[in-house]
Amino acid sequence: MKHSTNSEIASRLRETAALYEMDDVAFKPRAYEKAALGIEALDEEAGEIFRARGREGLEAIPGVGRGIAEHIEEMLAHGVFNEYERLKKKVPVEVLELMAVEGVGPRMVKMLWQKLKVRTLRDLEHAARAGKIRKLSHFGAKSEANILRGIEFLKQSGGRRVLGVALPEIERLERSVREFPEVDEAVVAGSVRRRKETIGDIDILAVSKNPKRVMERFLALPEVAHVYASGETKTLVRLTNGLDADLRVVPSESFGAALNYFTGSKAHNVALREMAIKKGWKLNEYGLYKAQILKLKSQNHNSKLKIKNIQIAGKTEEDLYRKLGLVYIEPELREMMGEIEAARNNTLPKLIGYGDLRGDLQVQTDWTDGDNSIEEMAAAARKAGLEYIAITDHTRSLAMTGGMDEKKLLRQMAEIHALNSKIQNTKYKIRVLAGAEVNIRKDGSLDIVDEVLAKLDVVGAAVHSHFKLSRAEQTKRLIRAMENPHVDMIFHLTGRLINKREAIELDIEEIIRAAKRTGTVLEINASPERADIKDEYIKKCVEAGVKMVIDSDAHAISHFAFLSFGIAQARRGWAEKKNILNTLSLSQFLKHLKNTTGSE
DNA sequence: GCCGTTTTCGGCCCGACTGTTTTCAGTCG
Numbered sequence: 001m002k003h004s005t006n007s008e009i010a011s012r013l014r015e016t017a018a019l020y021e022m023d024d025v026a027f028k029p030r031a032y033e034k035a036a037l038g039i040e041a042l043d044e045e046a047g048e049i050f051r052a053r054g055r056e057g058l059e060a061i062p063g064v065g066r067g068i069a070e071h072i073e074e075m076l077a078h079g080v081f082n083e084y085e086r087l088k089k090k091v092p093v094e095v096l097e098l099m100a101v102e103g104v105g106p107r108m109v110k111m112l113w114q115k116l117k118v119r120t121l122r123d124l125e126h127a128a129r130a131g132k133i134r135k136l137s138h139f140g141a142k143s144e145a146n147i148l149r150g151i152e153f154l155k156q157s158g159g160r161r162v163l164g165v166a167l168p169e170i171e172r173l174e175r176s177v178r179e180f181p182e183v184d185e186a187v188v189a190g191s192v193r194r195r196k197e198t199i200g201d202i203d204i205l206a207v208s209k210n211p212k213r214v215m216e217r218f219l220a221l222p223e224v225a226h227v228y229a230s231g232e233t234k235t236l237v238r239l240t241n242g243l244d245a246d247l248r249v250v251p252s253e254s255f256g257a258a259l260n261y262f263t264g265s266k267a268h269n270v271a272l273r274e275m276a277i278k279k280g281w282k283l284n285e286y287g288l289y290k291a292q293i294l295k296l297k298s299q300n301h302n303s304k305l306k307i308k309n310i311q312i313a314g315k316t317e318e319d320l321y322r323k324l325g326l327v328y329i330e331p332e333l334r335e336m337m338g339e340i341e342a343a344r345n346n347t348l349p350k351l352i353g354y355g356d357l358r359g360d361l362q363v364q365t366d367w368t369d370g371d372n373s374i375e376e377m378a379a380a381a382r383k384a385g386l387e388y389i390a391i392t393d394h395t396r397s398l399a400m401t402g403g404m405d406e407k408k409l410l411r412q413m414a415e416i417h418a419l420n421s422k423i424q425n426t427k428y429k430i431r432v433l434a435g436a437e438v439n440i441r442k443d444g445s446l447d448i449v450d451e452v453l454a455k456l457d458v459v460g461a462a463v464h465s466h467f468k469l470s471r472a473e474q475t476k477r478l479i480r481a482m483e484n485p486h487v488d489m490i491f492h493l494t495g496r497l498i499n500k501r502e503a504i505e506l507d508i509e510e511i512i513r514a515a516k517r518t519g520t521v522l523e524i525n526a527s528p529e530r531a532d533i534k535d536e537y538i539k540k541c542v543e544a545g546v547k548m549v550i551d552s553d554a555h556a557i558s559h560f561a562f563l564s565f566g567i568a569q570a571r572r573g574w575a576e577k578k579n580i581l582n583t584l585s586l587s588q589f590l591k592h593l594k595n596t597t598g599s600e
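Structure below.
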């Protein structure tokens, strides 16, 4: 039958957790939840792990023991497992679908099913509209209205947003909060701070001595569309743009602990708390605490014992990690991909910095589908702090973009050379390289002849069609392109467009081996919807010693700003400066390409 | 059901907010 993917396994485990919770079983729900988190954090498919290392491999996954390993094995073979089916038979309800409604959890699902036979989201909506829910004990008109609103929101929200698209608005909101007179400090935490390629909501942390007033000002912002909850220290709202935003206010002595807590990831936080417990301490969003026993004299001369918690860290994140015996862990690494172990052993990578790029090797112009001329792009790149760029317009197979043939490429090359001579005598100190984004045909051949490729400074090859080939065919196709002695790098390897188009199927291990063997560079495409290659592949490249570049894929002068998202992506993949070739000076960079053309 | 630099048994992350209740369970992050 079907073999389950990690996300299918994780959601089945989550559903099992909910079913156990409804059954009033203790501790199992948390165990299944934890196992789901462990599966989600994997950088390899569970199916692969099982094929390679069997049951033992599965049991090595954090949160997975003998029992759940058996369930996973069953899921890999049949998509479901016996215990799940047994539970589901008892409560034949679409638990996950119902729990997706804000404010609805397992207990509520159980009650709704028992009393009103609610099994699906549709049933729930009907029951609420018919006014049946308010009549249940422990429910009222308010709960019913909240459920209806939750269903509405669920219908509208398109799930997670692409970071690069949402970030400008998020930063505007952050600035608004920072400018409240009572706010001493405000910062966006959560997945935005971890720079995940997509984000689910916005977590803002603020320091203030007057939280009440801060909350009032926040609720009065024009972008607040609905208030889910609002208290002294925590407010949760829906914004007019459809995103949810969470504002927390803490005192300054708790800023580091709160920042750490609200940055996540959740699994990372739980691991830190467990470390604290092992040391006999307690970690929460207000700080790291040590219990101190105080002797109090009472009136009848018997002494009474009282426990007082003393804060031992929490004003800064650095403090917190240090006290726990760890070196500071950058937010982009807090995904439980081995960062805690590495921090303990002081073997964390020294991540590439946000100002480390000196070049950009994928830039489009108005010769094809870009908005600006070569010179305009060069000037914008210079303004963005770059020392060199490669002009890489599309080649002819992409007729829709006005793709270039050999003749047009040679003409463009001449123009670039002329521009470089002209630039030498101006204030712009930028070097423009002649390149191309050459199209990889279905069979792995290229649509520009080798003699012309040989004349270019930089050749990037990319897939723009036949996205549905089998894994084996697709892998072979790309390896053939990498074997071309003129192809310096592969642009946006997997072709994914987040929320729009799936990645092509590839044997990534084999691709990385081929890149290493042929000396081909893999691009980290910084265009927010691409973020291609993804973090776990970057980590594999780092481990394999495959070099990468970070490119903006700019189609307009404003697009050089994308580079920071590419750097974030590289950092999430544990990349150091030395792994990314365009942190080098131009002459050093060119030495790493397959054929240096001598134009340097 | 998972896990072990206190443990192979006996623990299991922690606090805020809501709604419907009279002291708290459920939900969320």
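Position 342, counted from 1, in the first sequence is what this note's numbering calls 342; the numbers after and before it change by one each time, with no gaps.
Note that CB positions come from ideal geometry on N, CA and C, so glycine has one too.
Quick one: what does DSSP say Asp184 is sitting in, helix, strand or coil? Stepping through the first sequence from its first residue, residue 184 is reached at position 184. Strand, per DSSP.
Within 10 Å of its beta-carbon, does His417 have 16 or more other beta-carbons around it, so buried, or fewer, so exposed? As a first step, residue 417 must be located in the first sequence, where it is residue number 417. Flag for His417 reads exposed.
DSSP three-state call for His394: helix, strand or coil? Mapped onto the first sequence, residue 394 falls at position 394. The answer is strand: DSSP assigns His394 an E or B state.
Quick one: give me the first and last residue of the alpha helix (DSSP H) that Ala258 is part of. Along the first sequence, one-based indexing puts residue 258 at 258. Note, Ala258: alpha helix (DSSP H), 255 to 263.
Can you look up Glu85 in the DSSP assignment and give me helix, strand or coil? The residue given as residue 85 occupies position 85 in the first sequence. Helix, per DSSP.
Could you pull out every residue in the same chain whose Cβ sits closer than 6 Å to the Cβ of Ala18, ignoring the five residues on either side in sequence? Looking up residue 18 in the first sequence gives position 18. Contacts found: Val95, Pro106.
According to DSSP, what are the bridge partners of Met548? Position 548 of the first sequence, counted from the start, is the residue given in the question as residue 548. Answer is Leu522, Ile580.
Residues bridged to Gln292 (per DSSP): For the purposes of this step, residue 292 is taken as the residue at position 292 of the first sequence. Residue pairing by DSSP places Gln292 opposite Lys308 in a beta bridge.
Roughly how far, in whole angstroms, is the beta-carbon of Val214 from the beta-carbon of Glu182, given that I think they are within contact range, below 8 Å? Reading the first sequence from its first residue, position 214 is the one you call residue 214. Reading the first sequence from its first residue, position 182 is the one you call residue 182. Contact flag correct, Cβ pair sits at about 5 Å.
Do you know offhand how far Gln362's Cα is from Ile448's? Here residue 362 refers to the residue found at position 362 of the first sequence. Here residue 448 refers to the residue found at position 448 of the first sequence. Spanning the two alpha carbons is a distance of roughly 17 Å.
Contacts around Leu478, its chain only, beta-carbon distance under 8 Å, and the 5 residues preceding and following it disregarded: Reading the first sequence from its first residue, position 478 is the one you call residue 478. Closer than 8 Å at the Cβ level, and outside the excluded window around Leu478, lie Ile440, Gly444, Val463, Ile490, Leu493, Leu506, Ile511, Ala514.
Cβ distance (whole Å) where Ser261 is taken to contact Glu285 below 8 Å: By one-based count along the first sequence, residue 261 stands at place 261. By one-based count along the first sequence, residue 285 stands at place 285. For clarity, residue 261 is Tyr in the given sequence; the question names Ser instead. The pair is a contact, with the Cβ atoms about 4 Å apart (cut-off 8 Å).
Ignoring anything shorter than 3 residues or poking outside the stretch 226 to 254, list the beta strand (DSSP E) runs there in chain order. Taken in chain order, the whole beta strand (DSSP E) runs of length 3 or more contained in the stretch 226 to 254 are 234 to 239, 244 to 250.
If you measure between the beta carbons of Val165 and Glu174, is that distance less than 9 Å? Taking the first sequence and counting its residues from 1, the one referred to as residue 165 is at position 165. Taking the first sequence and counting its residues from 1, the one referred to as residue 174 is at position 174. In this structure, Glu174 does not lie closer than 9 Å to Val165 by Cβ.
Using the three-state DSSP reduction, which class does Thr347 fall into: helix, strand or coil? As a working note, residue 347 is residue 347 in the first sequence. The answer is coil: DSSP assigns Thr347 none of H, G, I, E or B.
Whole-angstrom distance between Ser587 and Tyr388, CA atom to CA atom: Within the first sequence, numbered from 1, the residue matching residue 388 stands at position 388. Within the first sequence, numbered from 1, the residue matching residue 587 stands at position 587. If I take the Cα positions, the gap works out to 10 Å.
I'd like the list of long-range same chain contacts for Thr597, defined as Cβ closer than 6 Å, with 5 residues on each side in sequence excluded. If you number the first sequence from 1, residue 597 lands on position 597. In this prediction, Thr597 scores a pLDDT of 48, lower than 50, which makes its location untrustworthy; the coordinate-derived value is nonetheless stated afterwards. If the five residues before and after Thr597 are omitted, its C-beta is found closer than 6 Å to the C-beta atoms of Asp457, all from its own chain and listed in chain order.
Run through DSSP, which three-state label would Gly287 get? Reading the first sequence from its first residue, position 287 is the one you call residue 287. If DSSP states are grouped into helix, strand and coil, Gly287 belongs with the strands.
Own chain, CB closer than 7 Å to Glu33, minus 5 neighbours either side, in chain order: In the first sequence, residue 33 corresponds to position 33, counting from 1. Correct list, in chain order: Arg14, Ala17.
Let's test the definition: count the other Cβ atoms within 10 Å of the Cβ of Gln412 and tell me whether it reaches 16, buried, or not, exposed. In the first sequence, residue 412 corresponds to position 412, counting from 1. Counting Cβ neighbours within 10 Å, Gln412 comes out buried, since at least 16 surround it.
With a 10 Å radius around its C-beta and 16 neighbouring C-beta atoms as the bar for buried, classify Thr346 as buried or exposed. Numbered from 1 along the first sequence, position 346 holds the residue referred to as residue 346. Per the sequence shown, residue 346 should be read as Asn rather than Thr. With fewer than 16 Cβ atoms within 10 Å of its Cβ, Asn346 is classed as exposed.
Limits of the unbroken beta strand (DSSP E) element including Val438: Position 438 of the first sequence, counting from 1, holds the residue named residue 438. For Val438, the enclosing beta strand (DSSP E) covers residues 431 to 440.
Just list the alpha helix (DSSP H) runs in the stretch 50 to 117, keeping only unbroken ones of 4 residues or longer that don't cross its boundaries, in chain order. 66 to 78, 82 to 90, 95 to 99, 106 to 116
Three-pair Cβ contact test at 8 Å for the stretch 515 to 526 versus the stretch 564 to 580: Contact between the stretch 515 to 526 and the stretch 564 to 580 is present, because at least three Cβ pairs lie under 8 Å.
With 16 other CB atoms within 10 Å as the buried threshold, where does Asp24 fall? Numbered from its first residue, the first sequence carries residue 24 at position 24. By the 10 Å Cβ count, Asp24 comes out exposed.
Can you tell which of Pro211, Ala10, Ser564 has its C-alpha closest to the C-alpha of Val80? Stepping through the first sequence from its first residue, residue 80 is reached at position 80. It is Ala10 whose Cα lies nearest to the Cα of Val80.
Span of the alpha helix (DSSP H) around Asp450: As a first step, residue 450 is located in the first sequence; it is residue number 450 there, counting from the start. Taken as a continuous stretch (DSSP letters only), the alpha helix (DSSP H) holding Asp450 covers 450 to 453.
Apart from the five residues just before and just after Asp319, which ones in its own chain have a Cβ nearer than 7 Å to its Cβ? For this step, residue 319 is matched to residue 319 along the first sequence. If we look at Asp319 and ignore the five residues flanking it on each side, its Cβ neighbours are Gly256, Ala313.
Rank Asn579, Ala390, Val207 by C-alpha distance to the C-alpha of Ile374 and give the top, closest one. Here residue 374 refers to the residue found at position 374 of the first sequence. Checked all of Asn579, Ala390, Val207; the closest Cα to Ile374 is Ala390.
Given Val459 as reference, the closest of Lys476, Arg471, Leu433 once Cα atoms are compared: As a working mapping, residue 459 is identified with position 459 in the first sequence. Per the Cα distances, Leu433.
From which residue to which residue does the alpha helix (DSSP H) around Asp319 run? For the purposes of this step, residue 319 is taken as residue 319 along the first sequence, with counting starting at 1. Per DSSP, Asp319 belongs to the alpha helix (DSSP H) from 317 to 323.
Given Met1, which residues of its chain have a CB within under 8 Å of its CB, disregarding the five upstream and five downstream residues? For the purposes of this step, residue 1 is taken as residue 1 along the first sequence, with counting starting at 1. Model confidence at Met1 stands at a pLDDT of 45, short of 50, so the residue's coordinates are unreliable and nothing is read from them.
Below 8 Å CB to CB, which residues in the same chain sit around Thr583 once its five sequence neighbours on both sides are set aside? Counted from its first residue, the first sequence places residue 583 at position 583. So the list reads Ile352, Asp356, Leu357, Arg358, Lys577, once near-sequence residues are dropped.
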